[in-house]
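To start, the structure under review is shown below, and the notes come after it.
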DNA sequence: CATGAATGAGACTTCATTCAT
DNA sequence: TATGAATGAAGTCTCATTCAT
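Protein chains in written order, with this note's numbering: chain A, 1 to 217; chain E, 218 to 434; chain X, 435 to 651; chain Y, 652 to 868.
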């Protein structure tokens, strides 16, 4: 399953050398949890099933987490970290808020196509743990404010703009994972989001059709 | 509006008068379920708790529903019916698709303020039972197509437009119930949705600020 | 279903004229119970299902029986009565114990073919309520003793002879209802039972092949 | 014989020594189930009661069996295995089908006296799970066919012969456990069974009175 | 740390029985 | 008597959590 792709080789602290096995198990558990999220949602995560999926004994989970609640928390955090990577990598060298937001939306849309499991896990977590929205929100808010400063975005209420951008994007991603691909889905969604934020039609189209950084063109 | 009519003002003792009290229990159960949805979401509905909330014995539930699954189904249907009333009543005499959609969005936003429990229940159900989306979708699609025919909406993909409109609106409603009122929330959200569908700024503002039918002005 | 055949037209008291409807319901319940026995065994008789099968409301059962246990008892008694009729009718005019027993066995075997539902109900009741055996036993014991007196039967222990005759016959009946017809099943079983009781081969065959009274020969 | 080995002489505390105690629980459960069968029959086995009888928590059962159905299955299998031991040990070195069958019948009759609980459990299982009959049947069929080849048995239909032998023997066993001992019960029953299969009186008595192998005479 | 058997609370469901109409 | 809604005990099963090894 592709969900394995984002995982267990790097961690910010990089604990090189010595004791590698130690925290490897923890990552196995988090990865396994994401796979289960994709299948069954957050509410469907049973610790016995998690242990089996991770290839450890059920008791082992409690060597890494104090309770089920803490597992969910940790998985949410893990997902937030992976999320950050997605966003940061994609719009590293871009200054325009509108373009950064557009890139983010398109990146997520493409992620929904390339890794539906991860996407389902994300959607499930966002629904379950409202707190996850803040992880999304922190990046988004910066882009919104930049776009606003730069005269591209015109919104009457920032909180509402954030809510609408996030939920619209997740809704579009959900469409892709549940109903299959749509031609140019990433650009369509990005353009609609830009328009919702007050970017005029032509400009929105223009931004939405810029080549994605990192693409080979 | 009548949607609040089902509620908790009478208890088991007050079955004087009348002679149809038997089937009233079903409505008590549905109402109680909606209250629990609001608190705990669909996944949090335990039949034990439902029985207690409705003031009946656990076995009684099974006089009205064959299984937990059927309870969820029935509550979803109940919600869908109440939903339809909301929408139909609101935009009865309006022909413009854009205006109809705008009225719908604003009506729901106001509902989020006036009946947060019902709204939380709705959000939970939409997330849980994807089928609920079709209830929403059938009304929405008609308005989208009308707006498209009438030259107001310009969207590249209808499915994606529906997904985005629904999720954006629910996201905005969610903001209200979770974080409290926002000045002119209904108009702000409606305008953003219209813009996402390609309605230009000025026109979107104009439509969003039309008086709501049924309002006393 | 053929199970209906033995029922509700006669009762020893014959309560002719006037109030016929009264005790009719009771018979409906007993008949319905037998049909359920055939399908699900005694343990599978649920009073709700019984009420539905009998076409009455569940509460009505308690106008005729004080508890589930009493229903079972009454059905057992009903079955015993029907059983008696079977036996008495068949060997009315026969004096030889061996012949009477043979007729009884053959009659039951044929009943197993012609009314598998009734037979399954009987088997289920015999297993469930050991007391039912005494109803069978009282007829059987007379025949055994007669056959013994007449020099046909030679058994060392009457109780054991009764147990074996009853269980062997029921076992053979069970074979028929569960696995389908067997050529000359009635004669084969009867002959084996006679032999078990010490009747020599030739004589056993002879008795087993006598025409059944009531047959058109 | 070893068949009594599984029983109730140690409780939870006595798990000193040894280091395989884990899988012992399964046997505790099977043993407890047999004791309950003896008291209440297969239909009377409630998992709550089983857990208590076995001295474990109710959840523990599900560490060994996936459902109630699987418990019944496993207990049936256990009983079938113990059954096989009974039969195989008893008539190991005997070639005559008639003698083998006779030994089997007598062994079971004696078992009914020495271990009524086990016998009640067996009877209950045979009634409940028709599949158990095949376990019995496979041994029996071989003996029947051998006796037939050897000119001792004369039956017209093998299936019916099997049904009658099995049910007659179980009926005789049932008499013993329900009504207490009968002088020479094993020989009496065995002789009747042999006669039912066509063995003449004198020969049947002779075979039924042979000393049982394993007896000290 | 790892294991996995054991635990027990709690969920869903069935069903005999009661009772107001 | 008949009805059928309501009851609540009891049963099956799940699962987070503990603990001895």
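For glycine and all other residues, C-beta sits at the position ideal for the given N, C-alpha and C.
{"Item": "Run through chain Y and tell me which residues come within less than 9 Å of residue 635 of chain X, C-beta to C-beta.", "Value": "805, 849, 851"}
{"Item": "Would you please verify whether the beta carbon of residue 801 of chain Y is less than 8 Å from any beta carbon of chain X?", "Value": "no"}
{"Item": "Tell me which residues share the same chain as residue 785 of chain Y and place their Cβ nearer than 6 Å to its Cβ, disregarding the 5 neighbours each side in the sequence.", "Value": "none"}
{"Item": "Within 8 Å of any Cβ in chain A, is that where the Cβ of residue 392 of chain E sits?", "Value": "yes"}
{"Item": "DSSP state of residue 179 of chain A, grouped into three classes?", "Value": "helix"}
{"Item": "Determine the chain A residues that contact residue 303 of chain E at a beta-carbon separation under 8 Å, and present them in chain order.", "Value": "Here the premise fails: no neighbours, minimum Cβ distance about 20 Å."}
{"Item": "Below 8 Å on the Cβ atoms is my contact criterion, and I expect residue 94 of chain A with residue 103 of chain A to pass it. Report the Cβ-Cβ distance as a whole number of Å.", "Value": "6 Å"}
{"Item": "Between residue 858 of chain Y and chain X, is there a C-beta pair that is closer than 8 Å?", "Value": "no"}
{"Item": "So, helix, strand or coil for residue 675 of chain Y, using DSSP?", "Value": "helix"}
{"Item": "Please list, in chain order, the residues of the stretch 808-819 of chain Y that have any C-beta partner in chain X closer than 8 Å.", "Value": "808, 810, 811, 812, 814, 815, 817, 818, 819"}
{"Item": "Secondary structure at residue 79 of chain A, three-state DSSP: helix, strand or coil?", "Value": "helix"}
{"Item": "Keeping to the same chain, check which residues put their C-beta closer than 7 Å to that of residue 74 of chain A; ignore five residues upstream and five downstream.", "Value": "30, 65"}
{"Item": "Report back the beta-carbon spacing between residue 466 of chain X and residue 488 of chain X to the nearest angstrom; my notes put them in contact at under 8 Å.", "Value": "4 Å"}
{"Item": "Tell me where the alpha helix (DSSP H) around residue 200 of chain A begins and ends.", "Value": "Run containing residue 200 of chain A: none; DSSP gives neither H nor E here."}
{"Item": "Please report whether the beta-carbon of residue 605 of chain X lies at a distance below 8 Å from any beta-carbon of chain Y.", "Value": "yes"}
{"Item": "Mapping DSSP to helix, strand and coil, what is residue 184 of chain A?", "Value": "coil"}
{"Item": "Shortest alpha-carbon distance to residue 674 of chain Y belongs to which of Y/687, Y/773, Y/697, Y/712?", "Value": "Y/712"}
{"Item": "List, in chain order, every chain E residue whose beta-carbon is nearer than 7 Å to that of residue 82 of chain A.", "Value": "The premise fails here: residue 82 of chain A is roughly 22 Å from chain E at the closest Cβ pair, so nothing lies under 7 Å."}
{"Item": "Closer than 7 Å by beta-carbon distance: list the chain Y residues that pair up with residue 629 of chain X, in chain order.", "Value": "846, 847, 849"}
{"Item": "Three or more C-beta pairs under 8 Å: does that hold for the stretch 387-397 of chain E against the stretch 149-166 of chain A?", "Value": "yes"}
{"Item": "From residue 251 of chain E to residue 344 of chain E, what distance separates their C-alpha atoms?", "Value": "14 Å"}
{"Item": "Output the distance between the C-alpha atoms of residue 90 of chain A and residue 27 of chain A, rounded to the nearest integer angstrom.", "Value": "24 Å"}
{"Item": "Does residue 299 of chain E pass the burial test, meaning 16 or more other C-beta atoms within 10 Å, or should it be called exposed?", "Value": "buried"}
{"Item": "From residue 810 of chain Y to residue 804 of chain Y, what distance separates their C-alpha atoms?", "Value": "14 Å"}
{"Item": "For residue 534 of chain X and residue 620 of chain X, which I take to be in contact (beta-carbon distance under 8 Å), what is that distance rounded to the nearest angstrom?", "Value": "Incorrect: roughly 15 Å between the Cβ atoms, too far for contact."}
{"Item": "Establish whether the CB of residue 783 of chain Y and some CB of chain X are separated by less than 8 Å.", "Value": "no"}
{"Item": "Could you compute how far the alpha carbon of residue 58 of chain A sits from the alpha carbon of residue 51 of chain A?", "Value": "5 Å"}
{"Item": "Please look up how many angstroms separate the CB atoms of residue 828 of chain Y and residue 763 of chain Y, rounded, as I've assumed it's under 8 Å.", "Value": "5 Å"}
{"Item": "Could you check which residue in A/119, A/214, A/195 has the C-alpha nearest to that of residue 42 of chain A?", "Value": "A/119"}
{"Item": "Please report the residue range of the alpha helix (DSSP H) in which residue 334 of chain E lies.", "Value": "333-345"}
{"Item": "Determine the closest residue to residue 781 of chain Y out of Y/727, Y/688, Y/802, Y/760, with distance taken between C-alpha atoms.", "Value": "Y/727"}
{"Item": "In chain X, which residues lie with their C-beta within 8 Å of the C-beta of residue 796 of chain Y?", "Value": "Neighbours of residue 796 of chain Y on chain X: none; closest Cβ ~17 Å, over 8 Å."}
{"Item": "Compute the distance between the beta-carbons of residue 641 of chain X and residue 631 of chain X, then report whether it is under 8 Å.", "Value": "no"}
{"Item": "Kindly say whether residue 689 of chain Y, judged by its beta-carbon, lies nearer than 8 Å to any beta-carbon of chain X.", "Value": "no"}
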